[in-house]
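Trainee:
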Amino acid sequence: MSDNPVWSYSAVLMGSPVLLKLFSPNPALASRVFSLIKKYEDLFTVNRTPSQVMDINLAAGRHPVHVSRPVYELIKCARDASVWPNSTFNLAIGPLVKLWRIGFQGDRVPAASDIAARLRITRPQDVVLDDVAGTVFLAQPGMEIDLGAIAKGFIADRVRDDLHQQGVSEALINLGGNVQTLGTPHGAWTIGVKKPFAGADALVGTIDVVNKSVVTSGTYERYFEQDGKRWHHILDPRTGYPLENELDSVAVISSDSLDGDIWTTLLFGMGVEQGCAALRQREDIDAIFVTKNRDIILSSQRQFRFTQTDDSYRVTDCTA
Ligand code: AMP
Ligand code: MG
0 MSDNPVWSYS
10 AVLMGSPVLL
20 KLFSPNPALA
30 SRVFSLIKKY
40 EDLFTVNRTP
50 SQVMDINLAA
60 GRHPVHVSRP
70 VYELIKCARD
80 ASVWPNSTFN
90 LAIGPLVKLW
100 RIGFQGDRVP
110 AASDIAARLR
120 ITRPQDVVLD
130 DVAGTVFLAQ
140 PGMEIDLGAI
150 AKGFIADRVR
160 DDLHQQGVSE
170 ALINLGGNVQ
180 TLGTPHGAWT
190 IGVKKPFAGA
200 DALVGTIDVV
210 NKSVVTSGTY
220 ERYFEQDGKR
230 WHHILDPRTG
240 YPLENELDSV
250 AVISSDSLDG
260 DIWTTLLFGM
270 GVEQGCAALR
280 QREDIDAIFV
290 TKNRDIILSS
300 QRQFRFTQTD
310 DSYRVTDCTA
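In terms of numbering that gives the first Met the number 0, the sequence shown opens at residue 0 and continues consecutively.
This is how it looks when you write it as structure tokens:
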């Protein structure tokens, strides 16, 4: 263990605190990284105009829209994940996200009839892609793409690639839920696993990784309470209501943060048992499930080491 000093640079981007850690002072590099993130945020956002994704949404039911390569590629990847059998990932979930307003002013449980009406315009198959023309067309009026579950993963990977090209061999970027790492300071990077519904700094454990991404998605991140229930921001595309199962959070460890971001949503939909089974087929993806019953379930420890720090939880693995 060496104790190299770390230089931390922070900004608020994509509605989250963003943190860059380097092993030598380099404010110019930090601004380069923050500008890169801003550039992608401006392409992908659906919370304000103009953005390329807003252009697609505003043309829903009317005409295809030509978009830049990164936007096209990310939408294609999100659509692929959305049409997998039994996928709970859905890039066309936008009309429901806007209806619920979770994490924004005015959140409340919508009328069942409004949810049913919006469900009809969330079919991922109605996102029509043309590889040759590089266009995206939403076939039904009112459709809206929402890349909120995947954009940070894509951007974290672009930051990693850019740092690498700039000759940086050890760094960490945290986009608020999406951490991507380069290199091996002191043998590994250590990343906290948050304790659900506890203070901002409370952890259930830590994950040690080398050259890996760690993406965490939790019901505690954004939610409101009504009728004695918590309503969180990960929606079930089959029902239009927040996904309901035994989970409080899932962390995914993978090489690319894009995969991590997709898999947190997929695993949220599967729950522990099905999730463990699915991960047995995917050696490149590891996960840590944290349940409402205070169980921590590790898929395997191929790509990370987990250290428990809160003994009110019970740690098991997918074979248990
Ligand atoms: P994440 O923080 O990566 O779990 O993404 C959560 C965000 O993704 C939400 O705030 C919505 O914008 C969007 N979202 C919610 N439910 C889904 C879903 N089932 N599939 C894809 N995106 C979703
Ligand atoms: Mg995600």
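We treat Cβ as the ideally placed atom computed from N, Cα and C, and that holds for glycine. The model shown is predicted, which means the values in this text are computed figures rather than measured ones.
Tell me which residues pass a beta-carbon proximity test against the ligand MG: closer than 7 Å to any heavy atom, given in chain order.
Mentor: Counting every residue whose Cβ lies closer than 7 Å to a heavy atom of the ligand MG, we get Ala148, Ile149, Gly152, Val214, Ser216, Asp260, Ile261, Thr263, Thr264.
Trainee: Have a look at the DSSP bridge pairing and note the partners of Pro241.
Mentor: Looking at the DSSP assignment, Pro241 forms a beta bridge with Leu234.
Trainee: Decide if His232 is buried, meaning its Cβ has at least 16 other Cβ atoms within 10 Å, or exposed.
Mentor: Buried: at least 16 other Cβ atoms inside 10 Å.
Trainee: Using a Cβ-Cβ cutoff of less than 7 Å, which residues in the same chain neighbour Pro123 once the five nearest sequence positions on both sides are dropped?
Mentor: Excluding positions up to five away in sequence, the list reads Arg78, Ser81, Val82, Asn89, Leu90, Ala91.
Trainee: Out of Pro26, Met269, Val131, Glu282, which has the shortest C-alpha to C-alpha gap to Trp6?
Mentor: For the residues Pro26, Met269, Val131, Glu282, the minimum Cα distance to Trp6 belongs to Pro26.
Trainee: Give me the Cα-Cα distance between Ile154 and Ile36, rounded to the nearest whole angstrom.
Mentor: So the alpha carbons of these two residues sit roughly 6 Å apart.
Trainee: Using the Cα positions of Ala187 and Val209, report the straight-line distance between them to the nearest angstrom.
Mentor: One C-alpha to the other measures close to 5 Å.
Trainee: Check for me: the beta strand (DSSP E) holding Asp285 runs from which residue to which?
Mentor: 285-290 is the extent of the beta strand (DSSP E) around Asp285.
Trainee: Around the C-beta of Val174, are 16 or more other C-beta atoms found within 10 angstroms, so that it is buried, or is it exposed?
Mentor: A small fix is needed here, since residue 174 is Leu in this sequence, not Val. When all chains shown are included, Leu174 counts as buried.
Trainee: Bridge partners of Asp316, per DSSP?
Mentor: DSSP, once it has assigned bridges, lists Leu297 as partnering Asp316.
Trainee: Taking one C-beta from the region 62-70 and one from the region 241-252 each time, how about it: are there three or more such pairs within less than 8 Å?
Mentor: Judged by Cβ distances under 8 Å, the region 62-70 makes no contact with the region 241-252, as fewer than three pairs qualify.
Trainee: Applying the 10 Å Cβ sphere with the 16-neighbour rule, what's the burial state of Arg157?
Mentor: Its Cβ being crowded by 16 or more others within 10 Å, Arg157 is buried.
Trainee: What ranges does the beta strand (DSSP E) occupy inside the region 190-222, keeping only unbroken runs of at least 3 residues that lie completely in it?
Mentor: Complete beta strand (DSSP E) runs here, min 3: 202-208, 212-217.
Trainee: Start and end of the beta strand (DSSP E) containing Ile252?
Mentor: Taken as a continuous stretch (DSSP letters only), the beta strand (DSSP E) holding Ile252 covers 246-253.
Trainee: So what's Arg229 in DSSP terms, helix, strand or just coil?
Mentor: DSSP places Arg229 in strand when its eight states are reduced to three.
Trainee: Could you tell me the boundaries of the beta strand (DSSP E) in which Arg304 lies?
Mentor: First-last of the beta strand (DSSP E) with Arg304: 304-307.
Trainee: Do you know how far the Cα of Arg229 is from the Cα of Asp106?
Mentor: Asp106 and Arg229: Cα-Cα distance of roughly 12 Å.
Trainee: So what does DSSP say about Ile172, is it helix, strand or coil?
Mentor: In this structure, Ile172 counts as strand in the three-state DSSP scheme.
Trainee: Would Arg117 be called buried (16 or more neighbouring beta carbons within 10 Å of its own) or exposed?
Mentor: The residue is buried, with at least 16 neighbouring Cβ atoms inside 10 Å.
Trainee: Distance check for Gly182 and Val271, CA to CA, integer angstroms please.
Mentor: In a straight line, the C-alpha of Val271 is about 31 Å away from that of Gly182.
Trainee: Quick check on His62: does DSSP put it in helix, strand or coil?
Mentor: His62 falls in the coil class under three-state DSSP.
Trainee: At the level of alpha carbons, what is the spacing between Arg237 and Gln165?
Mentor: Those two C-alpha atoms are separated by around 44 Å.
Trainee: Have a look at the DSSP bridge pairing and note the partners of Leu19.
Mentor: According to DSSP, which records beta bridges pairwise, Leu19 is partnered with Tyr8, Ile172.
Trainee: For Gly40, which of Arg47, Met269, Met13 has the nearest alpha-carbon?
Mentor: A small correction: the amino acid at residue 40 is Glu; Gly does not occupy that position in the sequence shown. Checked all of Arg47, Met269, Met13; the closest Cα to Glu40 is Met13.
Trainee: Leu137 by DSSP, collapsed to three states: which one?
Mentor: Reduced to three states, the DSSP call for Leu137 is strand.
Trainee: Between Gly198 and the ligand AMP, is the CB less than 7 Å from at least one heavy atom?
Mentor: No - the ligand AMP has no heavy atom lying nearer than 7 Å to the Cβ of Gly198.
Trainee: Helix, strand or coil for Leu146? Go by DSSP, reduced to three states.
Mentor: Here Leu146 sits in coil by DSSP.
Trainee: CB-CB under 7 Å to Ser311, same chain, minus the five flanking residues each way: which ones, in chain order?
Mentor: The answer, listed in chain order, is Arg293.
Trainee: Tell me Trp188's beta-bridge partners as DSSP assigns them.
Mentor: BP columns for Trp188 point to Val208.
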